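Below is one structure, written out as structure tokens; comments come after it.
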Amino acid sequence: GELLACDTPQNLRNHQAAEILEIVTANPRQTGHILRDSFPDARLMLFGDRLHLSTSDPERMAADAHQVLAGSAMEILSMTRVEPSLEDIFVSIIGDREQPRVENDLAVVGHRGVKSEGMAVAVTGLTRRFGDFVAVNGIDLEVRQGEIFGFLGPNGAGKSTTIRMLCGILHPTAGSGTVAGCDIITQQEEIKKQIGYMSQKFSLYAELTVEENIAFYGGIYRISGSRLIERGNWAVRMAGLEERRKTVAGELSGGWKQRLALGCALLHEPPVIFLDEPTAGVDPISRRAFWELINSLAEGGITVFVTTHYMDEAEYCDRLAMIHQGEMIAIGSPQELKTEKMSETVLEVSCDRPQDILAELEQLPAVRHAALFGRGAHLVTEDLQLTEKGLSASPLASRIQLRRVMPSLEDLFVSLIESKEKRAV
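Taking the numbering used here, the leading residue of the sequence shown gets 24, the next gets one more, and so forth.
Written as structure tokens, this is what we have:
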């Protein structure tokens, strides 16, 4: 109920002492462990193949981090200072007073004999038709054990239909594959025993307490006696719900509900878990805490398959696949996709009120499209020199500044869809 800050986005950034160091190494999860042990009070967040370290003294922190990682024989691929996002600023302002860090004890998560190497999900030519409508069209996909894999696409793209086939709920029209070592055609009931699933909407019983929900789902998974007590206590600890055991689930906040749902989905120790839009409508601090849990699960060898249509959420994944109209249009790590899959150049436009000149920007030579991005705009061009030449002769030249930037996942997704539609014409 308190107003913590009110200003323009840029002034909010300028007034914050915290800055962000982006660190890239060959093993980001191990790097995160090393840095957390060395700097327990620092704010550290894993974004797929990158780490963001929040600090009020970036030069000193960079020197200390270099020394710590060098002492651990961890090769640093890059360490640069990046501008904090508004989410970074929000988390910095709030601090830990609302959501204390959850100490995760995931050592008791078992793998039930699943190999630590290999593919948790592997499908070829996966297809599903509903009459004449092709909802999923020939998807080839492999997900490694212990990987956080993102399935990115808009509503209606085919994500849910694909997940239903992978979970053994929907029979494929064509194709083959395995999930957790079980055949998706002949072992659908066995698949259901080997996976966990958490839906987008809170699917537990709102009128039951935290403990009662856990006991109920333990019964569904045929867990009883001392084993249920052990797994129930683990779920409560993992979710940080020790002081809310007797709380009715319907009275929990969105973030706590999601943690409870995740705990229930993991009671039977599945080697693969499917999360459908896991943080929709959840505040930034709860979302970051939730993703810390997800990363801990992956470190423990559990494969996490996440569906989302949020581009920023996809950055948290080790790899992701982009799907549109039932077809997979790209696959790779977030960094690979942004650096290797986009043929056009992206320019960042800096000016006052960029929303007023979007139409003019799109009229520049070779520009495919312009869109608001943060406090400025992103301009996608097929010919950088031609666009810059056209700008120099335009009335916009004195009003804006341009610089080349790495495309966002949103830039890439739009570009891939446009190219796909152009080929179809």
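Think of the CB as a built atom: it goes at the ideal place given N, C-alpha and C, for glycine as much as any other residue.
These numbers come from a predicted model, not from an experiment.
Secondary structure remark: continuous alpha helix (DSSP H) runs of at least 4 residues inside the region 224-259, in chain order: 233-243.
Scanning its chain for C-beta atoms nearer than 7 Å, with the 5 sequence neighbours on each side dropped, one finds around GLN211 the residues GLY191, in chain order. For THR31, the closest of GLN39, GLY24, GLU25 by C-alpha to C-alpha distance is GLN39. Distance from the CA atom of ARG254 to the CA atom of GLY286, rounded to whole angstroms, is 9 Å. Around the C-beta of ASN318, 16 or more other C-beta atoms lie within 10 Å, and the residue is accordingly described as buried. For VAL91, there is no enclosing beta strand (DSSP E); the enclosing alpha helix (DSSP H) covers residues 81-94. Distance from the CA atom of GLY355 to the CA atom of ALA344, rounded to whole angstroms, is 7 Å. The C-beta distance from ALA284 to SER247 rounds to 21 Å, too long to meet the 8 Å contact threshold.
For the region 339-401, the continuous beta strand (DSSP E) assignments of 3+ residues that do not extend past its boundaries occur at 342-347, 350-355, 368-373, 390-396, in sequence order. In this structure, DSSP gives GLU42 an extended state, which the three-state scheme calls strand. The distance from the Cβ of LEU432 to that of MET334 is about 4 Å, consistent with a contact at the 8 Å cut-off. MET429 counts as exposed, since fewer than 16 other beta carbons sit within 10 angstroms of its beta carbon. In this structure, PHE70 and GLU338 form a Cβ contact; the two beta carbons are roughly 5 Å apart against a cut-off of 8 Å. Taking 3 residues as the minimum length, the beta strand (DSSP E) runs contained wholly in the region 251-315 are 295-299, in order along the chain. Collapsing the DSSP output to three states places ASN50 in coil. Sixteen is the threshold: since fewer than 16 other Cβ atoms of the shown chains lie within 10 Å of the Cβ of LYS445, the residue is exposed. Per the DSSP secondary-structure output, ALA197 pairs in a beta bridge with THR150. For THR331, the enclosing beta strand (DSSP E) has its first and last residue at 326-331.
Taking ALA49 as reference, the option from LEU100, GLY200, SER415 with the minimal CA-CA separation is LEU100. Shortest Cα-Cα distance from ILE43 to any of CYS29, ALA85, LEU27 involves ALA85.
In the three-state reduction of the DSSP assignment, ASP155 falls in the coil class, being assigned neither a helical nor a strand state. The beta-carbon separation of PRO63 and ALA203, rounded to 36 Å, does not stay under the 8 Å limit for a contact.
Beta-carbon to beta-carbon, VAL327 and ILE171 are separated by about 5 Å, close enough to satisfy the 8 Å threshold. It is roughly 8 Å from the alpha-carbon of ILE186 to the alpha-carbon of PHE297. Secondary structure of ASN34 (DSSP, three-state): helix. ILE440 and MET365 have their C-alpha atoms spaced approximately 11 Å apart. Cβ neighbours of ARG282 within its own chain (closer than 6 Å, five residues either side excluded): ALA262.
Membership of GLN424 in the beta strand (DSSP E) is indicated by the continuous run 424-428. For ILE214, there is no enclosing beta strand (DSSP E); the residue is part of the alpha helix (DSSP H) that begins and ends at 211-217.
When C-alpha distances from GLU371 are compared across GLY399, ILE208, PRO177, ALA28, the shortest belongs to GLY399.
By the C-beta criterion, the region 267-283 is judged to be in contact with the region 227-234, since at least 3 inter-stretch pairs fall below 8 Å. Between LEU402 and the set GLY148, ARG427, GLY198, GLU266, the nearest pair of CA atoms involves ARG427. VAL159 places its beta carbon 8 Å or farther from that of VAL144. Judged by beta-carbon spacing, GLY323 lies beyond the 8 Å limit of VAL157, meaning their Cβ atoms are not closer than that value. Taking C-beta separations shorter than 8 Å and ignoring five residues to either side along the sequence, the partners of SER95 in its chain run ILE57, following chain order. Under the three-state reduction of DSSP, ALA180 is assigned to coil, being neither helix nor strand.
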